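Each step along the sequence shown adds one to the number in the working numbering, with nothing skipped, and position 114 is 121.
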Amino acid sequence: MIAVHCLMVVVRGDDPRGHALLSDAHAMGYASLQSVTISDLIFFQGRLGSDLRGDLETILVDPLLQSSTWFRSAGLEDETSLMVESVLHAGVTNAVAEQLIRVARRKGWPVHGVVTGRRIELRGEIPHGLRETLIRRLMVNPVIEHWVVDSLVEPVFAQGASEAIDVADKGVLTVNPRPSGSPATKAIHANQAVHLPVRTDADLETLNRARGMALDPAELDAVRSYYAGRGGVAPDIELEMIAQTWSEHCAHKTFRARITTTTGDEIAPLLDQLRRATAQIDARYVVSAFVGNAGILQFTPATTFAVKCETHNHPSAIEPFGGANTGVGGVIRDILGASHRPIACTDILCFGPADTSDALLPDGVIHPRRVRSGVVAGIADYGNKIGLPTLAGAVLYDPGYVANPLVFAGCIGTAKSPYVAERPLPGDRIVVLGGATGRDGIRGATFSSATMDATTGDVAGASVQIGDPITEKLLVDLLADGRHLYRSITDCGAGGLSSAIGEMAEGIGAEVDLDQLPMKYPGLAPWEVWLSEAQERMVVATADPEPLHHACESLGIHCTDVGAFTGTGRLVVRSSGHPIVDIDTGFLHHGRPTRHMVAKLPQPNRIGAFSGAPHLSEGGLSSSTSLDTMNVAEFETILLELLAHPNIACKAPVIRRYDHEIRGATLVRPLVGEPIGGHIIGHADGTVIAEPLAPHGIALGIGVNPWFGMTDPERMGQSVVDEAVRNVVACGGDPDQIALLDNFSWGDPRREETLGDLVATVAGACEAAVAFGAPFVSGKDSLNNEYLGADGGRHAVPPTLVITAVAHVPEASRTITPDLKSAGNALLVVGMTPVAFGGSHVALVRDIAPSSAPPFDQSAPARYRRLHAAIRDGLVVSCHDISEGGLAVALAEMAIAGNLGFDAPTPPPTFRADASDPQRGAAALEVLFGEGNGRFVVEVEQRHVVAFVARMSGDATVIGAVATGEVARFPVLGEDRMAMPVAAMRQAWIGRQ
8 MIAVHCLMVV
18 VRGDDPRGHA
28 LLSDAHAMGY
38 ASLQSVTISD
48 LIFFQGRLGS
58 DLRGDLETIL
68 VDPLLQSSTW
78 FRSAGLEDET
88 SLMVESVLHA
98 GVTNAVAEQL
108 IRVARRKGWP
118 VHGVVTGRRI
128 ELRGEIPHGL
138 RETLIRRLMV
148 NPVIEHWVVD
158 SLVEPVFAQG
168 ASEAIDVADK
178 GVLTVNPRPS
188 GSPATKAIHA
198 NQAVHLPVRT
208 DADLETLNRA
218 RGMALDPAEL
228 DAVRSYYAGR
238 GGVAPDIELE
248 MIAQTWSEHC
258 AHKTFRARIT
268 TTTGDEIAPL
278 LDQLRRATAQ
288 IDARYVVSAF
298 VGNAGILQFT
308 PATTFAVKCE
318 THNHPSAIEP
328 FGGANTGVGG
338 VIRDILGASH
348 RPIACTDILC
358 FGPADTSDAL
368 LPDGVIHPRR
378 VRSGVVAGIA
388 DYGNKIGLPT
398 LAGAVLYDPG
408 YVANPLVFAG
418 CIGTAKSPYV
428 AERPLPGDRI
438 VVLGGATGRD
448 GIRGATFSSA
458 TMDATTGDVA
468 GASVQIGDPI
478 TEKLLVDLLA
488 DGRHLYRSIT
498 DCGAGGLSSA
508 IGEMAEGIGA
518 EVDLDQLPMK
528 YPGLAPWEVW
538 LSEAQERMVV
548 ATADPEPLHH
558 ACESLGIHCT
568 DVGAFTGTGR
578 LVVRSSGHPI
588 VDIDTGFLHH
598 GRPTRHMVAK
608 LPQPNRIGAF
618 SGAPHLSEGG
628 LSSSTSLDTM
638 NVAEFETILL
648 ELLAHPNIAC
658 KAPVIRRYDH
668 EIRGATLVRP
678 LVGEPIGGHI
688 IGHADGTVIA
698 EPLAPHGIAL
708 GIGVNPWFGM
718 TDPERMGQSV
728 VDEAVRNVVA
738 CGGDPDQIAL
748 LDNFSWGDPR
758 REETLGDLVA
768 TVAGACEAAV
778 AFGAPFVSGK
788 DSLNNEYLGA
798 DGGRHAVPPT
808 LVITAVAHVP
818 EASRTITPDL
828 KSAGNALLVV
838 GMTPVAFGGS
848 HVALVRDIAP
858 SSAPPFDQSA
868 PARYRRLHAA
878 IRDGLVVSCH
888 DISEGGLAVA
898 LAEMAIAGNL
908 GFDAPTPPPT
918 FRADASDPQR
928 GAAALEVLFG
938 EGNGRFVVEV
948 EQRHVVAFVA
958 RMSGDATVIG
968 AVATGEVARF
978 PVLGEDRMAM
988 PVAAMRQAWI
998 GRQ
């Protein structure tokens, strides 16, 4: 019998994890809960003497911050309190345990296995009938964890199902060792033959649903026809491979579809439209667009940049930490797959409101508060551990994201020029690098292509993955300077080896032997091995694997030669010497029939800023209050409500979870301005990275506004491109050297209205991109982001387009930030463009009657060039784009960040109205809170004002000046002025943290 010992580690004093859980429990209504204690459990399988225990405590316990014990009691004495112990399900990646095993091997310690877990002790009155709800909502995730209540959890070591674990005492367990000769790492070499029904389409659809293939009728018929020549029998592994390759996630079927509108017009495939826009722009700095793992840019002769942004929505909905964690890991591997060294990450997150009532949650949905906590922790965990700064991003809240949170993870990498992408050649060896293979991520591609419901967490548990950033860091170290070690490379993402090797083998063929792969544990069927999305793996083609083997050995990386590219055009996979896959790569990649779809184009309201007579409808200030009678006090209330709105309020608590300084290359940080209470809380528009001593850099900016999409999808497409460009220009990016990444997250496109919104959005985005001369170089569509409720109702995400702008910063010394700098400097508004309230944030806090979304400003590109020239000439000391909340919020954010006041008595000229104007209240609301495109607030030294206005060709107007006091005075109309203490605005802005 092999003993199992448990080390329990607890934080001395206050534990932020316990405070967070206690706060969430109170928010759920468990007001009598008094305290929470969280302890980490580490189980060791082996014979541990006292000296070895001491050595383990030395590496695992910080004596200043933590205490530890090798004895744990079975429960709490207080019967009204609660103790829960949990461990991960067998097979779920446990990166901490794997690293500890590596340490033990290097040290020569007799440790045969490690499992980690957690103990949570809650003290206070917790009614027994509500315990299960509390546990499932806040303490564990059934998808990845096993738990016990008021007793000791028993760890399961990944050594096979035949092991039996017996409790020896409260601190030590004993384990029956593996029977002699039992395999430790091999898969089950069995393959199932599937008889494809030939009688009715209904039978075929039944098979489709039973196997979770998510194929449509035309695709199923193509599969049936292909196998008709083989007796109507298909190996299960080939069906799984076809389902993965043809999934919406991998094949982008909607973006490649033939689309007809309900009025009979033909629409060019959406992906073709994006590519045509890029071709029309023909930017010289684009090396590669929409090819391979990432877009490739070259702004300077010596360096290329790879850029990519991915989505990881469905996985994050059922396991927030793991979903976001592996989303970051996956997009980093995309950059590695483009032969570039990753240098920075981005994240855009969309959640349901944190104060959502439990009663409003659909069955099986994790509360948005917990989703947010897990997603942020997952992103921080991967980026911080792998050593990459997380720089640019956004955090959005809307009820439409309650059941379908969205997680966009981006990465940028660099390489020395020239960039050369190569295809494998016949005879090249196929080598798999990185982590071992397990059940994590099984059917992830098809899972991500389907609608979710209350059973998703149960049936898609194998699609959940947990990342191991330490292993991926080793891959970064190997590959970043290892271009000479391979000819071609790709990452193992959705579909695992099936996708990676399958794509590399397109047109040339390959032979693969699964027996060579290292396994995390036994018992996997061949199709599970082939389609496993186990993380931290890359596939390379190399003519000579020996140098690669030696390099991997020096770093302790798994390096497995699994076969060769053949030149036959067929993909053959063997297990135990028997062929289990033998498929034509032509059919696999080109046999899918083109989807035909119908779109009903939206008919948005575009009759002006307001629909009909301006007024606030029921639920606004009051049912009898019209805009023309609103006074300054009401405007002040609106401003404070906007500053407190989760979409506008300070995001520092999230941003500070990420290390944005690591690598020492962050020039403009995501948090800027003067420290307030020891913390910098101002938000940058864009961020800038520049290698030490480099004269130039790269700016990153984000554009996203789903509320415009709910009003006018085409204008949303235009507006988010404009916003992303504005954000990089505002910090010093060159508007003539910008590239764009597009990420679409949508509902089910098989609905005509949903597809129509998508068609309109693509058209708007392409129009704006061409106007700015900013090419699309990479993108990702994530469709079917819907949740089927128990009542049959569908909960779809708002139409969401995220645009990431990547811009060259020609002079790193001329970057600027939005915080106000010095009293006496002039404040100017740049851009006299129309504003609107459709999709605006003032419409979210005040129930304004329906109106149009803001139009695209065709004059914006020229304006941005003039502004950039002024920034490079040193005429601008701060700059902030005007976006959510309009001019008033932009001014308030600049004041809060700089801890300075201002006096801005002069409204922009296009908004001026006479004091007797009956539309005076509506005009004032437009001045303060209307949202539009193409506008900035800039701070300019008084000695440069004349030169700046001349440089802007009259497209700028002075509205006031920065002040030393703690009061901000806003322009309204006539003699009226809105005066707000900066401290009050700051408190509203940070009050919801």
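Note that the Cβ used here is the ideal one computed from N, Cα and C, for glycine as well. It should be emphasised that the depicted structure is a prediction, and the values quoted were computed from it without experimental measurement.
Could you tell me which of Ala954, Ile966, Glu900 sits nearest to Gln994, measuring between CA atoms?
Within the sequence shown, numbered from 1, the residue matching residue 994 stands at position 987. Out of Ala954, Ile966, Glu900, Glu900 has the C-alpha closest to the C-alpha of Gln994.
Three-way DSSP call (helix, strand, coil) for Met839 in this model
The residue labelled residue 839 in the question sits at position 832 within the sequence shown. Coil at Met839, not helix or strand.
For the structure I just gave you, are there three or more beta carbon pairs, one from the region 496-514 and one from the region 565-580, closer than 8 Å?
These segments touch.
Between the Cα of Thr592 and the Cα atoms of Gly563, Ala507, Pro149, which residue gives the shortest distance?
Here residue 592 refers to the residue found at position 585 when the sequence shown is read from its first residue. Cα-wise, what sits closest to Thr592 is Ala507.
Would you grab the beta carbon distance between Thr311 and Val338 for me? Rounded to a whole angstrom, and I think it's under 8 Å.
On the sequence shown, residue 311 is found 304 positions in, with the first residue counted as 1. On the sequence shown, residue 338 is found 331 positions in, with the first residue counted as 1. With 8 Å as the limit, Thr311 and Val338 do not qualify as a contact, their Cβ atoms being about 18 Å apart.
So if DSSP puts His585 in a beta bridge, which residue, or which two residues, is it bridged to?
Here the question's residue 585 lines up with position 578 in the sequence shown. Ser582, per the DSSP bridge assignment.
Suppose the cutoff is 8 Å on Cβ atoms and the five residues either side in sequence are ignored; what does the same chain contact list for Ile496 look like?
Along the sequence shown, read from residue 1 onward, the residue named residue 496 stands at position 489. Result list for Ile496: Leu343, Gly344, Ser346, Leu486, Met545, Val546, Val547, Ala548, in chain order.
Cutting at 8 Å between CB atoms, please list the residues of its own chain near Pro699, excluding the five before and the five after it.
By 1-based counting over the sequence shown, the position of residue 699 is 692. Around Pro699: Gly671, Ala672.
Should Glu152 and Leu95 be called a contact, given that it needs their Cβ atoms to be closer than 8 Å?
Numbered from 1 along the sequence shown, position 145 holds the residue referred to as residue 152. Numbered from 1 along the sequence shown, position 88 holds the residue referred to as residue 95. In this structure, Leu95 lies closer than 8 Å to Glu152 by Cβ.
Would the beta-carbon of Gly25 fall within 8 Å of that of Ile45?
Against the sequence shown, residue 25 aligns to sequence position 18. Against the sequence shown, residue 45 aligns to sequence position 38. Yes, these two residues count as a Cβ contact at 8 Å.
Is Phe818 helix, strand or coil when you go by DSSP?
Walking along the sequence shown from the start, residue 818 turns up at place 811. Sequence inspection shows Glu at residue 818; the Phe mentioned does not correspond to that position. Of the three classes helix, strand and coil, the one that applies to Glu818 here is coil, per DSSP.
Checking 8 Å against the spacing of the C-beta atoms, do Ile587 and Pro533 come in under that value?
In the sequence shown, the residue the question calls residue 587 occupies position 580. In the sequence shown, the residue the question calls residue 533 occupies position 526. Yes, the pair counts as a contact, with Cβ atoms nearer than the cut-off.
Cβ-based neighbour list, Met248, same chain, cut-off 6 Å, excluding 5 preceding and 5 following
Position 241 of the sequence shown, counted from the start, is the residue given in the question as residue 248. The residues are Ser505.
When DSSP labels each residue in this structure, what does His26 get in the three-state scheme?
The residue given as residue 26 occupies position 19 in the sequence shown. DSSP places His26 in the helix class (H, G or I) of the three-state scheme.
Between the C-alpha atoms of Gly584 and Asp341, what's the straight-line distance to the nearest angstrom?
What you label residue 584 is simply residue 577 of the sequence shown in a count that begins at 1. What you label residue 341 is simply residue 334 of the sequence shown in a count that begins at 1. Straight through space, the alpha carbons of Asp341 and Gly584 are spaced by roughly 32 Å.
Output yes or no for whether 8 Å exceeds the beta carbon distance between Ser88 and Val160.
The residue you call residue 88 lines up with position 81 of the sequence shown. The residue you call residue 160 lines up with position 153 of the sequence shown. With respect to the 8 Å criterion, Ser88 and Val160 are not classified as neighbours on the basis of their beta carbons.
Just the C-alpha distance for Arg237 and Ser254, rounded to the nearest angstrom, thanks.
Residue numbering aside, residue 237 sits at position 230 when the sequence shown is read from its first letter. Residue numbering aside, residue 254 sits at position 247 when the sequence shown is read from its first letter. Roughly 23 Å between the two C-alpha positions.
Note down, in chain order, each residue of its chain lying with its Cβ closer than 6 Å to the Cβ of Pro360, except the 5 sequence neighbours on either side.
In the sequence shown, the residue the question calls residue 360 occupies position 353. The residues are Tyr404.
Kindly indicate the opening and closing residues of the beta strand (DSSP E) around Trp154.
Position 147 of the sequence shown holds residue 154. Residues 152-156.
Whose C-alpha, out of His259, Gly685, Ala81, Gly271, is nearest the C-alpha of Leu277?
Taking the sequence shown and counting its residues from 1, one reaches residue 277 at position 270. Answer by Cα proximity: His259.
Cys738, DSSP secondary structure in three states
Walking along the sequence shown from the start, residue 738 turns up at place 731. Residue state, collapsed to three classes: coil.
Close Cβ partners of Gly503 (< 6 Å) along its chain, the five nearest in sequence each way excluded:
As a working mapping, residue 503 is identified with position 496 in the sequence shown. The beta carbon of Gly503 is closer than 6 Å to those of Leu538, Ser539, Glu540 in its chain, skipping five residues each way along the sequence.
For Pro327, which of helix, strand or coil comes out of DSSP?
Counting from 1 along the sequence shown, the entry for residue 327 is found at position 320. Looking at Pro327 - three-state DSSP - the assignment turns out to be helix.
Whole-angstrom distance between Asp864 and Cys352, CA atom to CA atom:
In the sequence shown, counting from the first residue as 1, residue 352 sits at position 345. In the sequence shown, counting from the first residue as 1, residue 864 sits at position 857. Roughly 30 Å separates the two Cα atoms.
Pick helix, strand or coil for Tyr426, following the three-state DSSP scheme.
Walking along the sequence shown from the start, residue 426 turns up at place 419. DSSP places Tyr426 in coil when its eight states are reduced to three.
Whether Asp741 touches Gly710 by CB criterion (8 Å):
Here residue 741 corresponds to residue number 734 of the sequence shown, with the count starting at 1. Here residue 710 corresponds to residue number 703 of the sequence shown, with the count starting at 1. Cβ distance not < 8 Å, so Asp741 and Gly710 don't count as in contact.
In the structure shown, what three-state DSSP assignment does Arg379 receive?
Reading the sequence shown from its first residue, position 372 is the one you call residue 379. The answer is helix: DSSP assigns Arg379 an H, G or I state.
Opposing strand residues paired with Tyr404 [DSSP bridges]:
The residue given as residue 404 occupies position 397 in the sequence shown. In DSSP, Tyr404 forms a bridge with Phe358.
Give the single residue among Leu647, Asn638, Glu648, His690 whose Cα lies nearest to the Cα of Val661.
Against the sequence shown, residue 661 aligns to sequence position 654. For Val661, the closest alpha carbon among the candidates Leu647, Asn638, Glu648, His690 is that of His690.
Relative to the C-alpha of Ala706, which residue among Val695, Met992, Asp157 is closest?
Within the sequence shown, the letter at position 699 stands for residue 706. Measuring from the Cα of Ala706, the nearest candidate turns out to be Val695.
How far does the beta strand (DSSP E) with Leu485 in it reach, from first residue to last?
Stepping through the sequence shown from its first residue, residue 485 is reached at position 478. For Leu485, there is no enclosing beta strand (DSSP E); the enclosing alpha helix (DSSP H) has its first and last residue at 476-487.
Just reading off the alpha helix (DSSP H) that Thr673 is part of, what are its end residues?
In the sequence shown, the residue the question calls residue 673 occupies position 666. Per DSSP, Thr673 belongs to no alpha helix (DSSP H); it is in the beta strand (DSSP E), 673-675.
Go through its chain and collect everything with a Cβ distance to Gly188's Cβ below 7 Å, but skip five positions before and after it.
Stepping through the sequence shown from its first residue, residue 188 is reached at position 181. Below a pLDDT of 50, predicted positions are generally treated as unreliable, and Gly188, at 28, falls in that range; the measurement from the model is reported next regardless. Contacts found: none.
Would you please verify whether the beta carbon of Tyr493 is less than 8 Å from any beta carbon of chain D?
This model lacks chain D altogether, as it is built from one protein chain only.
Mark Asp692 as exposed unless 16 or more other C-beta atoms lie within 10 angstroms of its C-beta, in which case mark it buried.
Translated into the one-based positions of the sequence shown, residue 692 becomes position 685. Counting Cβ neighbours within 10 Å, Asp692 comes out buried, since at least 16 surround it.
With the cut-off set at 8 Å, would you say Arg757 and Glu818 are in Cβ contact?
Along the sequence shown, read from residue 1 onward, the residue named residue 757 stands at position 750. Along the sequence shown, read from residue 1 onward, the residue named residue 818 stands at position 811. No.
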